[in-house]
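This report refers to the structure that appears directly beneath it.
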Amino acid sequence: MPADETSSPGAPTHAAYDAVIVGGGHNGLVAAAYLARAGQSVLVLERLGGTGGAAVSTRPFHGIDARLSRYSYLVSLLPQKIVRELGLDFAVRKRTVSSYTPALRGGRPTGLLVGGDSTRDSFAALTGDGREYEAWERFYRMTGRVAERVFPTLTEPLPAREELRARVEDAHAWSMLFEEPIGVAVEENFADDLVRGVVLTDALIGTFADAHDPSLLQNRCFLYHVIGNSTGDWDVPVGGMGALTDALADAARAAGAEIRVLHEATRIETDGTRAEVTVRSPGGEHTVGARRVLVNASPQALAALLGQEPPAPAEGAQLKVNMLLTRLPRLRDRSVDPHQAFAGTFHIAEGYEQLATAYREAAAGHLPGAPPSEIYCHSLTDPSILGPGLAARGYQTLTLFGLHTPARLFTADNEAARTALLDATLAELDAHLDEPIADCLALDAEGRPCIEAKTPLDLERDLMLPGGHIFHRDLSFPYATEETGRWGVETAHANVLLCGAGAVRGGGVSGVPGHNAAMAALGR
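Residue numbers (the working numbering): 1351 to 1874.
As structure tokens, this is what we get:
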């Protein structure tokens, strides 16, 4: 983060502000920029040495000039409305391939390549005819129509359930996505196990659930993964995810907001009209007054700040692995170029039955025998994250996101479980490669392989994500209930708002909770 007089560890310049924002993650910066542009005095308090939270770019490997999106890594839910209204110097690029899923059919390596002119032929080669391709096209035309109607509502006051249903204008689609477990729709629309698994994965990113979970937690996850920017496309942030938060910090500062790093809020006291925030900083402990406080942190952190009973515990369920390679590995399926296969989402052990088995094993307290995961190569779409020397020599990044690994599996021995899970996950990848992935790993300045893995417990430690949950808590359907306010960011205190991922319509790199909290604070 660029440093100047309004983004430093130094003391705030005023004793009180119109708005104090606790947490300098991307949602807090969105809120800060909107409020400052509306003429309000704004102070952002960030406990770490820089802004961004989980949406950051870092050089994780010693002596290597590669800036990886260390935690969050793709963009779908960030509305162009926010980019446009805040004048952000930020862009995304489309991936040339949606996904590739390797498989063995009749002992022969093959796979499903989705995206581009060869998609129909790839479906036919895998399944033997065109029926699954036609079903795929019908299903995603349906989700596309839902996305066009639902996504614009994310930056509007929360609609009532029946209002949203009327906007969807498709009773069958509403039933499939909002009322019955997504597993029903997957099984009714698709016959091939591999195709079913590829569809289901969007319901399981960061979400520990079965396809037929009666809670519909998986449906809520699926919905947010297919409605982004009214298309469901998952795009690559140019310059890495940190480019977004740098642009947001620039926009907030340019509008007059102060950003104070190494300033940790430890308590909020409020009478509903005025608030006082206790802050721990390098200069000691002090208080700052505020008309409103916006909390860009988890519901658990909010409760702790207010001295209230915390909500039910959250539990993350993913493994995040970052790698730097000297080259992309060769595939056993010679019909596809690795530069195609890794440009989109590369699915591993994500057949429908494999996902169900992994869920059952993890629910029983065991690491999955065949851990499901998905991989993509940021640098194929955006080589700017690599230093010139690395890019010229053909180096590439790989990001792996593992599913069905709840935090409970790591509590006894996080390090041992992380090692065992990483080994098993890479073994599943190696089964589809013509050479071990370890042979392609670059070495850092100390001669160590360029690979790092983060479990839910690591994410809780590094980022204060409750239970390592990347959404802070279970996702909610994007409509009003008896517990929600007008914008889905309200709390029991009129002048305290939740602007983090745990707000209704939170989760993912979206800026939506930050926008909505700012609108609520401005009385819109």
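Idealized CB from N, CA, C, for every residue including glycine.
Asked, Found
"Taking the alpha-carbon positions, what's the D1439 to V1406 distance?", "16 Å"
"Going straight from the alpha carbon of A1593 to that of P1587, what length do you get?", "7 Å"
"Measuring CB to CB, does M1673 end up less than 7 Å from L1573?", "no"
"How is the beta strand (DSSP E) around M1526 delimited, first residue to last?", "That residue, M1526, is in no beta strand (DSSP E); it is neither H nor E in DSSP."
"Fully enclosed by the segment 1390-1459, which beta strand (DSSP E) runs are 3 residues long or longer?", "1392-1396 and 1449-1455"
"How is M1673 classed by DSSP in three states: helix, strand or coil?", "strand"
"Where does F1751 sit, in a helix, a strand or coil, going by DSSP?", "strand"
"With C-beta atoms as the reference, is H1754 less than 7 Å away from P1718?", "yes"
"In the structure shown, what three-state DSSP assignment does H1376 receive?", "helix"
"Just to confirm my understanding: we take L1815, look at its own chain, exclude 5 residues before and 5 after, and list those with CB closer than 6 Å. What are they?", "L1809"
"Determine the closest residue to A1875 out of E1796, A1777 and A1795, with distance taken between C-alpha atoms.", "Here the chain covers residues 1351 to 1874 and nothing more, so residue 1875 does not appear."
"Just tell me which of A1386, L1847 and V1548 has its CA closest to the CA of V1464.", "V1548"
"Quick one: what's got a C-beta closer than 6 Å to L1750's C-beta in the same chain, skipping five residues either side?", "V1671, S1723 and I1725"
"So, using beta-carbon positions, are G1752 and T1769 closer together than 7 Å?", "no"
"In the DSSP assignment, find the beta strand (DSSP E) that holds A1615 and state where it starts and stops.", "E1614 to T1620"
"Quick one: measure Cβ to Cβ for F1473 and N1539, integer angstroms, because I've assumed they're closer than 8 Å.", "14 Å between Cβ atoms; not a contact."
"Determine, using beta carbons only, whether L1393 and P1362 come nearer to each other than 7 Å.", "yes"
"Hey, how far is the Cα of C1790 from the Cα of A1691?", "16 Å"
"By Cβ distance below 7 Å, which residues in the same chain neighbour P1410 in space, the five residues on each side in sequence not counted?", "L1418, R1420, N1672 and E1802"
"Whole angstroms is fine: what's the gap from N1866's alpha carbon to T1505's?", "6 Å"
"Would you check if there are 3 or more beta carbon pairs closer than 8 Å linking the segment 1530-1537 to the segment 1500-1514?", "no"
"Which term fits E1840, buried or exposed, when burial requires 16 or more other beta carbons within 10 angstroms of its beta carbon?", "buried"
"If you run the structure through DSSP and keep just helix, strand and coil, what is F1489?", "helix"
"Which value, in whole angstroms, describes the spacing of the CA atoms of L1813 and M1591?", "16 Å"
"Helix or strand or just coil, what does DSSP make of T1761?", "coil"
"Measure the C-alpha to C-alpha separation of G1850 and A1475 and round it to an integer number of angstroms.", "45 Å"
"If we ignore side chains and look at the alpha-carbon of each, how far apart do L1705 and K1804 end up?", "21 Å"
"Can we say the segment 1364-1373 touches the segment 1646-1664, given the rule of at least three CB pairs closer than 8 Å?", "yes"
"Since L1879 and D1784 are thought to touch, with beta carbons under 8 Å apart, how far apart are those beta carbons, to the nearest angstrom?", "With the chain covering only 1351 through 1874, there is no way to say anything about residue 1879."
"Taking A1664 as the reference, give the member of A1625, A1604, T1620 and P1756 with the closest Cα.", "P1756"
"Could you tell me which of A1386, A1388 and E1396 sits nearest to N1646, measuring between CA atoms?", "E1396"
"Expressed to the nearest angstrom, what Euclidean distance is found between the alpha-carbon atoms of I1414 and A1599?", "26 Å"
"Return the CA-CA distance between L1872 and P1507, expressed in angstroms with no decimal places.", "13 Å"
"Can you name, in chain order, every residue of its own chain whose Cβ lies under 8 Å from the Cβ of T1460, other than the five neighbours on each side?", "P1452, A1453, L1454, A1475, L1476, D1683 and S1685"
"Between G1857, G1864, F1827 and P1863, which has its C-alpha nearest L1424's C-alpha?", "G1857"
"Would you kindly report the start and end of the unbroken alpha helix (DSSP H) that includes G1639?", "Element bounds for G1639: not the alpha helix (DSSP H) but the beta strand (DSSP E), G1634 to V1645."
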